[in-house]
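Heads up: the sequence shown runs through residues 434 to 845, numbered per the numbering used here.
From the three backbone atoms N, C-alpha and C, an ideal C-beta is built for every residue, glycine too.
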Amino acid sequence: MKKTQLNLSVSRNAYEIVSQLQDNGYEAYIVGGAIRDLLLGRTPKDFDISTSATPEEVRGVFGRRHARIIGKRFRLVHVYMNGELFEVSTFRQAPDAEEQENRKQGKLADLPEHLIVSDNSFGSAEEDVWRRDFTVNALFYNPVNCEILDYTEYGVDDINNGIVRAIGNPTLRFEEDPVRMLRALKLVAQYDFTVESETENALFQQMHLIQCAAPSRLSLELEKILQSIYSDRHFEVFHDYGLLKYFLPEIDAHWGSGHIEYMLDMLYERNCRVDEGEYRSSISIALAIIAIPFLERAYGREPGQLWDKDQDTNDLISEVVSGATAPHNMMVRMRMSAEKILQILPELVFGAVSKRHQLMQNRSYPHAREIGVIHSCVTRKSSSEFEAVWPFRSEAAFSGRNRNSSHKKKRQ
Ligand code: ATP
Ligand code: MG
Numbered sequence: 434m435k436k437t438q439l440n441l442s443v444s445r446n447a448y449e450i451v452s453q454l455q456d457n458g459y460e461a462y463i464v465g466g467a468i469r470d471l472l473l474g475r476t477p478k479d480f481d482i483s484t485s486a487t488p489e490e491v492r493g494v495f496g497r498r499h500a501r502i503i504g505k506r507f508r509l510v511h512v513y514m515n516g517e518l519f520e521v522s523t524f525r526q527a528p529d530a531e532e533q534e535n536r537k538q539g540k541l542a543d544l545p546e547h548l549i550v551s552d553n554s555f556g557s558a559e560e561d562v563w564r565r566d567f568t569v570n571a572l573f574y575n576p577v578n579c580e581i582l583d584y585t586e587y588g589v590d591d592i593n594n595g596i597v598r599a600i601g602n603p604t605l606r607f608e609e610d611p612v613r614m615l616r617a618l619k620l621v622a623q624y625d626f627t628v629e630s631e632t633e634n635a636l637f638q639q640m641h642l643i644q645c646a647a648p649s650r651l652s653l654e655l656e657k658i659l660q661s662i663y664s665d666r667h668f669e670v671f672h673d674y675g676l677l678k679y680f681l682p683e684i685d686a687h688w689g690s691g692h693i694e695y696m697l698d699m700l701y702e703r704n705c706r707v708d709e710g711e712y713r714s715s716i717s718i719a720l721a722i723i724a725i726p727f728l729e730r731a732y733g734r735e736p737g738q739l740w741d742k743d744q745d746t747n748d749l750i751s752e753v754v755s756g757a758t759a760p761h762n763m764m765v766r767m768r769m770s771a772e773k774i775l776q777i778l779p780e781l782v783f784g785a786v787s788k789r790h791q792l793m794q795n796r797s798y799p800h801a802r803e804i805g806v807i808h809s810c811v812t813r814k815s816s817s818e819f820e821a822v823w824p825f826r827s828e829a830a831f832s833g834r835n836r837n838s839s840h841k842k843k844r845q
């Protein structure tokens, strides 16, 4: 194991949780993506904590009011520190004993041999590292003594060199959990990392297994992608690697068409605007943007032309919003919100000025207006005309300064 002494600027509340666990005699570290992001000079999305304390012991340290045990497949504790939420998980072993038993009894007969279906036997810090996915995601940081523990011995170097390397045998690791292939390519899209050759070979061979992953986990990954400011890059990288046809077959089927290009331009514009702090990221906006090319195609319209505002489109919109991201089931709330945006979008873009007052009162107005702005930027290179007609209506849940300017790469 390699150790590095470094003073990383971690959240005060995460520090507090780690130090209270340590004061109670447990090992505790900040782990995973947060340490990777700090070493890359980025602001972490969240701080995950790993500890030797069992979920019940964690609850014992912070009390029932501040610590709630959640999860079935993977039990962990939600700890609230000064109102901020953190995930605290107990060190795990690589899962095998329980699973081998289930396989012997034929309970998992239809699943690929190594697919992991439960992940709940506790272990040591070192064991916990070996069950993680990539070396760059497996660093443990003790903020109390400012020490980074790099058990794989590749983690820090791989972050510095931008390399995605599976921990252990990549073929086996992808077979155990095919979602890891998606996660590998997310690192490529997000950080411009390259995949180490053995890991890359395994990825090409095992890619089709993505269809065996639990649908709920794939939908969750898709939600995270749509929430992120890298969605256009994610789709491009997934396509370049050949993963898109398994993950989002409808988008893959039309890849290269003017409609998909227009959709990627819109997503890129949306992502820049979120990154520049124009408004908070909204999955519904991304979802609505993804559905637009499919609606245009259904109405025989060219990319960027949208559809007739007087057309009765509600049933078709609902069908297209679900179909564009098939086979994944997005949360109903998000789907409905995207549908409502699309229902009023053409009225804004084609200037239904007589209904201006009514439209501006519509709950979906802020989101539909935002897509109108993006649409104008992409199709007309300027949104000032549109914005003059449709003013910004501030809404606490929507607007916000969100400055984490890492989204600098231009779409070619
Ligand atoms: P993000 O910035 O997107 O949150 P992350 O790496 O923190 O990135 P999480 O989904 O929050 O991603 O996972 C936290 C950590 O858990 C990862 O860094 C990794 O060490 C481990 N992990 C997550 N998913 C898997 C998986 N499918 N297989 C093995 N380890 C995983
Ligand atoms: Mg994370």
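- Assignment of Lys-678 by DSSP, reduced to helix, strand and coil, places it in the helix class.
- Counting along the chain, Ala-757 sits inside no beta strand (DSSP E); it lies in the alpha helix (DSSP H) bounded by residues 747-757.
- The three-state reading of DSSP puts Tyr-448 in helix, counting H, G and I together.
- Following the DSSP letters along the chain, one finds His-511 inside the beta strand (DSSP E) bounded by residues 509-514.
- When the beta-carbon positions are compared, Arg-508 and Asp-561 stay at least 8 Å from each other.
- In the displayed model, Gln-738 falls within coil according to three-state DSSP, outside both helix and strand.
- Contact between the region 674-684 and the region 791-803 is absent: fewer than three C-beta pairs spanning the two stretches fall below 8 Å.
- Rounded to whole angstroms, Met-699 and Gly-474 show a C-alpha spacing of 28 Å.
- Secondary-structure assignment with DSSP links Glu-520 through a beta bridge to His-511.
- Collapsing the DSSP output to three states places Tyr-732 in coil.
- Taken through DSSP and simplified to helix, strand or coil, Phe-607 comes out as helix.
- Ranked by Cα distance from His-761, the options Ile-774, Asp-743, Ser-652 are led by Ser-652.
- C-alpha of Glu-520 to C-alpha of Ser-444: approximately 13 Å in a straight line.
- In the DSSP assignment, Lys-435 falls outside any alpha helix (DSSP H) and lies within the beta strand (DSSP E) extending over 435-438.
- For Ser-809, the enclosing alpha helix (DSSP H) covers residues 798-813.
- Taking the C-beta atoms as reference points, Val-628 is found nearer than 8 Å to Val-597.
- Per DSSP, the unbroken beta strand (DSSP E) holding Val-464 starts and ends at 461-464.
- Pairing Ala-486 with Tyr-459 gives a Cβ-Cβ distance under 8 Å.
- If you compare the alpha carbons of Lys-435, Gln-644, Asp-708 with that of Lys-678, the shortest gap goes to Gln-644.
- Placement of the Cβ of Asn-570 at a distance of less than 7 Å from at least one heavy atom of ligand 1 is found.
- Separation of the CB atoms of Leu-739 and Leu-778 is rounded to 7 Å, and the pair is thereby assigned contact status at 8 Å.
- By the Cβ-count criterion, Val-786 is exposed, with fewer than 16 other Cβ atoms from all chains shown falling within 10 Å of its own Cβ.
- Distances taken from the Cβ of Lys-742 to the heavy atoms of ligand 1 include none shorter than 7 Å.
- Residues of the same chain with a CB within less than 6 Å of the CB of Gly-691, apart from the 5 flanking positions on each side, are Pro-736 in chain order.
- Note on the region 646-713: whole alpha helix (DSSP H) runs with a minimum of 4 residues are 648-660, 664-674, 677-680, 682-686, 691-708, in chain order.
- Straight-line measurement puts the Cα of Phe-671 at about 8 Å from the Cα of Leu-615.
- A direct Cα-Cα distance of roughly 32 Å separates Lys-436 from Gly-504.
- Here Leu-775 is not near Ala-731, since their CB atoms are 8 Å or more apart.
- Checking the 7 Å criterion, the Cβ of Asp-566 is out of range of every heavy atom belonging to ligand 2.
- Shown here, Thr-632 sits in a helix according to DSSP, grouped into three states.
- Between ligand 2 and the CB of Gly-465, the shortest heavy atom gap is smaller than 7 Å.
- A residue is called buried once 16 or more other Cβ atoms fall within 10 Å of its Cβ, and Phe-819 is buried on that count.
- A distance of 8 Å or more separates the beta carbons of Asn-704 and Ile-658.
- The residues Thr-568, Val-569, Ala-571, Leu-572, in chain order, have a CB closer than 7 Å to that of Gly-588 in the same chain once the five nearest residues on each side in sequence are set aside.
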